[in-house]
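Undergrad:
2 protein chains.
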Amino acid sequence: MDDDAQVALPPGIDLLWGLRPRPRRGPKPTLSLDRIVAKAVEIADAEGLGPLSMSRLAEDLGFTTMSLYRYVASKDELLTLMMNTAAADVPVPSDPAEGWRPGLARWARETLVLFRRHPWALQIPISGPPLEPNNLAWMEYGLRSLAGTGLAAGEKIGVILLINGYVRNEARLSGELAQGMQQRSSAQPTPTYGQALRRLLDPEKFPYLWEIVESGVFDDDESYGDAEFEFGLERVLDGIEALVRERSAGSASADLG
Amino acid sequence: MDDDAQVALPPGIDLLWGLRPRPRRGPKPTLSLDRIVAKAVEIADAEGLGPLSMSRLAEDLGFTTMSLYRYVASKDELLTLMMNTAAADVPVPSDPAEGWRPGLARWARETLVLFRRHPWALQIPISGPPLEPNNLAWMEYGLRSLAGTGLAAGEKIGVILLINGYVRNEARLSGELAQGMQQRSSAQPTPTYGQALRRLLDPEKFPYLWEIVESGVFDDDESYGDAEFEFGLERVLDGIEALVRERSAGSASADLG
DNA sequence: CGAAGCAGTGTACGTGATACACAGTTAGAC
DNA sequence: GTCTAACTGTGTATCACGTACACTGCTTCG
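First to last, the sequence lines map onto chains X and G.
Taking this note's numbering, I'd label the letters of the first sequence as residues -18 to 238.
Taking this note's numbering, I'd label the letters of the second sequence as residues -18 to 238.
Right, here's the structure in full:
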């Protein structure tokens, strides 16, 4: 009648929270979970998720493929562990006097750094809200900034998800762009986005798009930089500020009663 | 010295724009590209991208696996074609008198419908900006609303990408939630997000998250609905409105000279 | 009318994830 | 101290999947 192992957790989550019993007998392990995950992250950082196969990973570690399965139940589980590791560069506790807005902005920038450092983290298929300890710590970090705002619980989550979504999207866009540039500098001649559109588009059928193409914005590779990120972030924060003001006004009058 | 086939386009793009020569001799085809892509979309809509294998697809069509390769160069190409088909429910030309804000809001809602209908479209690995005709038409549709705003070309693109990103994120979130609910109703007992967090979290290490957990928002499956979408959308549009106002004020004074 | 080009098929290969059984190793039970 | 269960690293095997290649029979153009 213990309720500990009652409900199934997604693969790898129990391991991350130390809920999986450690082996007691047997030979000293030569490999280790940490080394496996670290190497996997290293490969994914450098070459993406595609070239990361269990055999490739094992080879880079100097072991056989199957040895990895002594530490990891499946590749799926490995990906979960990698996700947790990617979020391990845990942000410093922010100054409590910092306002919610600079706090969230800082959170957003650090999240962007995370996704730039580990672009594959955007492509891991996610089956639900995060349960990895480091990812939850990251969320906690964001929530801390909202503590004094008087927002309802659901609203706080909404704000966190909104910003996280914004950052993810920016990271994805700049990642795609970087990928395009990389391809262009490689062997086969891939055209610029602007070049491709000029060749394909019928100006009469796509007048508005054509106008943009003609402006030349699509021709330089440098489009999506930090300035765009900061600008969009401010827009999103503006929207949140409206909500915060509304709530703090309401709760202030209630508190003053 | 023709410059037509000079530069390489991503796989499938040439086909979509009618740039691939049609075969002249040989037996009458029994299969067709349209049927293949339609069936592929059907499978992906119903079961996701995972179960969509070339053999499964062929079987459902009543042909052999290899017959598909008479119409499609690779699975990658097939995915591109599917993407284009997903965006085929082309939006009606909007009333030109409609303001930019309701126009963009409508565009956002229709994009959300697209991603709800074809959740797999969010998971197709994208290597760059869209080149599929229907996806470009979709973009064009969004740009039309921005015609009278006086925004610069780069800003218009930024706005379009911002909204598209917001919608993608909301669709992803509600998709994940639906997936979780589906699993919960299946055989193995998967816990609610709230249940899982209650079991894993140390309230002292995650005080802010714990507060949310205690509030119960994580316990009902109904969290992410249309109300949240509309709310967040209005916030994003608020941010854009600020930009538009700034630009129209500037250009107005310039135009009046 | 004859051959070039093409549709659908069958076979085959390479890769990737992973189940399973085996040999050597180690920590406790007696 | 000894025995054995538990465990590590490995080799082998299987299955699913994407796709190259060669074959047969049909169609259309020169």
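In this text, a Cβ means the ideal position worked out from N, Cα and C, and glycines have one as well.
Could you say which of G/Pro172, G/Glu40, G/Asp207, G/Gly43 lies nearest to X/Pro110 if we only look at CA atoms?
TA: By 1-based counting over the first sequence, the position of residue 110 of chain X is 129. Closest by alpha carbon: G/Pro172.
Undergrad: Would you call G/Leu9 buried or exposed, if buried means 16 or more other Cβ atoms sit within 10 Å of its Cβ?
TA: Here residue 9 of chain G refers to the residue found at position 28 of the second sequence. The amino acid occupying residue 9 of chain G in the given sequence is Lys; Leu does not appear at that position. Counting Cβ neighbours within 10 Å, G/Lys9 comes out exposed, since fewer than 16 surround it.
Undergrad: For X/Phe210 versus X/Glu151, is the C-beta spacing smaller than 7 angstroms?
TA: Numbered from its first residue, the first sequence carries residue 210 of chain X at position 229. Numbered from its first residue, the first sequence carries residue 151 of chain X at position 170. Yes, the pair counts as a contact, with Cβ atoms nearer than the cut-off.
Undergrad: List in chain order: all unbroken alpha helix (DSSP H) runs of 4+ residues lying wholly within the region 49 to 134 of chain X.
TA: 56 to 67, 81 to 98, 114 to 126, all fully within the region 49 to 134 of chain X.
Undergrad: Pick out whichever of X/Phe96, X/Phe187, X/Ala128 has its Cα sitting closest to the Cα of G/Phe187.
TA: Along the second sequence, one-based indexing puts residue 187 of chain G at 206. Nearest of X/Phe96, X/Phe187, X/Ala128 to G/Phe187, Cα basis: X/Ala128.
Undergrad: Under the rule that 16 or more other beta-carbon atoms within 10 Å means buried, what is G/Pro77, buried or exposed?
TA: Position 96 of the second sequence, counting from 1, holds the residue named residue 77 of chain G. Per the 10 Å Cβ criterion, exposed.
Undergrad: Against chain X, with Cβ distances strictly below 7 angstroms, would G/Pro8 count as a contact?
TA: Here residue 8 of chain G corresponds to residue number 27 of the second sequence, with the count starting at 1. False, the Cβ-Cβ gap to chain X never drops below 7 angstroms.
Undergrad: Express the C-alpha separation of X/Leu214 and G/Asp202 in angstroms, rounding to a whole number.
TA: Translated into the one-based positions of the second sequence, residue 202 of chain G becomes position 221. Translated into the one-based positions of the first sequence, residue 214 of chain X becomes position 233. Roughly 29 angstroms separates the two Cα atoms.
Undergrad: Report the residues of the region 159 to 186 of chain X with a CB closer than 9 angstroms to any CB of chain G, ordered along the chain.
TA: Flagged, chain order: Gln160, Gly161, Gln164, Gln169, Pro170, Thr171, Pro172, Tyr174, Gln176, Ala177, Leu178, Arg180, Leu181, Leu182, Lys186.
Undergrad: X/Asp236 CB to nearest chain G CB: under 7 angstroms?
TA: For the purposes of this step, residue 236 of chain X is taken as residue 255 along the first sequence, with counting starting at 1. With a pLDDT of only 44 at X/Asp236, under 50, the local geometry of the prediction cannot be trusted, and the value read off the model is given with reservation. By this cut-off, X/Asp236 is not an interface position.
Undergrad: What does the alpha-carbon distance come out to for the pair X/Ala230 and X/Asn116?
TA: Locating residue 230 of chain X in the first sequence gives position 249, counting from the first residue. Locating residue 116 of chain X in the first sequence gives position 135, counting from the first residue. Computed Cα separation, rounded: 32 angstroms.
Undergrad: Going straight from the alpha carbon of X/Ala67 to that of G/Ile221, what length do you get?
TA: Counting from 1 along the first sequence, the entry for residue 67 of chain X is found at position 86. Counting from 1 along the second sequence, the entry for residue 221 of chain G is found at position 240. Whole-angstrom Cα-Cα distance: 33 angstroms.
Undergrad: Can you tell which of G/Pro106, G/Leu0, G/Leu85 has its C-alpha closest to the C-alpha of G/Thr130?
TA: Residue mapping note: residue 130 of chain G aligns to position 149 of the second sequence, counting from 1. Of the candidates G/Pro106, G/Leu0, G/Leu85, the one whose C-alpha sits nearest the C-alpha of G/Thr130 is G/Leu85.
Undergrad: Check whether the Cβ of G/Arg3 lies closer than 7 angstroms to any Cβ atom in chain X.
TA: The sequence position of residue 3 of chain G within the second sequence is 22, counting from 1. By this cut-off, G/Arg3 is not an interface position.
Undergrad: What would DSSP say about X/Glu185, mapped onto helix, strand or coil?
TA: For the purposes of this step, residue 185 of chain X is taken as residue 204 along the first sequence, with counting starting at 1. Three-state result, X/Glu185: coil.
Undergrad: So, at 6 angstroms on beta carbons, what are the nonlocal neighbours of X/Leu62 in its own chain, with the 5 sequence-adjacent residues on each side left out?
TA: Mapped onto the first sequence, residue 62 of chain X falls at position 81. Excluding residues within five positions, the ones whose Cβ falls inside 6 angstroms are Gly(-7), Val18.
Undergrad: Given this structure, state the Cα-to-Cα distance separating X/Arg153 from X/Asp70, to the nearest angstrom.
TA: Within the first sequence, the letter at position 172 stands for residue 153 of chain X. Within the first sequence, the letter at position 89 stands for residue 70 of chain X. If I take the Cα positions, the gap works out to 20 angstroms.
Undergrad: In whole angstroms, give me the CA-to-CA distance for G/Gly(-1) and X/Phe44.
TA: Within the second sequence, the letter at position 18 stands for residue -1 of chain G. Within the first sequence, the letter at position 63 stands for residue 44 of chain X. If you take the alpha carbons of G/Gly(-1) and X/Phe44, they lie about 50 angstroms apart.
Undergrad: Closest Cβ-Cβ distance between G/Ser75 and chain X: below 7 angstroms?
TA: As a working mapping, residue 75 of chain G is identified with position 94 in the second sequence. By this cut-off, G/Ser75 is not an interface position.
Undergrad: X/Ser108 versus chain G: which residues are under 9 angstroms apart at the beta carbon?
TA: Here residue 108 of chain X is taken as the residue at index 127 of the first sequence, counted from 1. Per Cβ cutoff of 9 angstroms: Glu157, Gln160, Gly161, Gln164.
Undergrad: Which value, in whole angstroms, describes the spacing of the CA atoms of X/Ala25 and X/Leu181?
TA: Taking the first sequence and counting its residues from 1, the one referred to as residue 25 of chain X is at position 44. Taking the first sequence and counting its residues from 1, the one referred to as residue 181 of chain X is at position 200. Roughly 34 angstroms between the two C-alpha positions.
Undergrad: List the residues of chain X that G/Lys137 touches, going by C-beta distances under 7 angstroms, in chain order.
TA: The count along the second sequence starts at 1 and reaches residue 137 of chain G at position 156. Within 7 angstroms Cβ-Cβ: Ile193.
Undergrad: Compute the Euclidean distance between the alpha carbons of X/Glu185 and G/Arg125, then round it to the nearest angstrom.
TA: Here residue 185 of chain X corresponds to residue number 204 of the first sequence, with the count starting at 1. Here residue 125 of chain G corresponds to residue number 144 of the second sequence, with the count starting at 1. Taking the straight line joining both Cα atoms gives about 13 angstroms.
Undergrad: Would you decide whether G/Glu136 is buried or exposed? Buried here means 16 or more other CB atoms lie within 10 Å of its CB.
TA: By one-based count along the second sequence, residue 136 of chain G stands at place 155. So G/Glu136 ends up on the buried side.
Undergrad: Cα separation between X/Asp219 and X/Val73?
TA: In the first sequence, residue 219 of chain X corresponds to position 238, counting from 1. In the first sequence, residue 73 of chain X corresponds to position 92, counting from 1. Approximately 25 angstroms between the Cα atoms of the pair.
Undergrad: Return no unless some Cβ of chain G is closer than 7 angstroms to the Cβ of X/Ser196.
TA: Numbered from 1 along the first sequence, position 215 holds the residue referred to as residue 196 of chain X. With 7 angstroms as the cut-off, X/Ser196 counts as an interface residue toward chain G.
Undergrad: Can you find the residues in the same chain that come closer than 6 angstroms, C-beta to C-beta, to X/Trp119, ignoring five residues on each side of it along the sequence?
TA: Taking the first residue of the first sequence as position 1, residue 119 of chain X is located at position 138. Only Ala68 meet the Cβ criterion.
Undergrad: Leaving out five residues before and five after X/Ile141 in sequence, what residues of the same chain have Cβ atoms less than 8 angstroms from its Cβ?
TA: In the first sequence, the residue the question calls residue 141 of chain X occupies position 160. Same-chain partners within the cutoff: Met120, Gly123, Leu124, Leu127.
Undergrad: Which term fits G/Thr46, buried or exposed, when burial requires 16 or more other beta carbons within 10 angstroms of its beta carbon?
TA: Walking along the second sequence from the start, residue 46 of chain G turns up at place 65. Its Cβ having fewer than 16 others within 10 Å, G/Thr46 is exposed.
Undergrad: Determine, using beta carbons only, whether G/Tyr189 comes closer than 7 angstroms to chain X.
TA: Start at 1 with the first residue of the second sequence, and residue 189 of chain G comes out as number 208. Yes - at least one Cβ of chain X is within 7 angstroms of the one on G/Tyr189.
Undergrad: For G/Gly7, is the classification buried or exposed, using 16 other Cβ atoms within 10 angstroms of its Cβ as the cut-off for buried?
TA: Reading the second sequence from its first residue, position 26 is the one you call residue 7 of chain G. The residue is exposed, with fewer than 16 neighbouring Cβ atoms inside 10 Å.
Undergrad: Which value, in whole angstroms, describes the spacing of the CA atoms of G/Pro2 and G/Val22?
TA: Position 21 of the second sequence holds residue 2 of chain G. Position 41 of the second sequence holds residue 22 of chain G. Taking the straight line from one Cα to the other gives about 25 angstroms.
Undergrad: Taking G/Arg179 as the reference, give the member of G/Leu49, G/Val194, G/Pro32, G/Val225 with the closest Cα.
TA: Taking the first residue of the second sequence as position 1, residue 179 of chain G is located at position 198. Residue G/Val194 is the option with its Cα nearest to G/Arg179.
Undergrad: Where do the ends of the alpha helix (DSSP H) carrying X/Arg239 lie?
TA: Outside the displayed span of chain X (-18 to 238) sits residue 239 of chain X, for which this structure offers no information.
Undergrad: Measuring CB to CB, does X/Val217 end up less than 7 angstroms from X/Tyr147?
TA: Against the first sequence, residue 217 of chain X aligns to sequence position 236. Against the first sequence, residue 147 of chain X aligns to sequence position 166. Going by C-beta atoms, X/Val217 is nearer than 7 angstroms to X/Tyr147.
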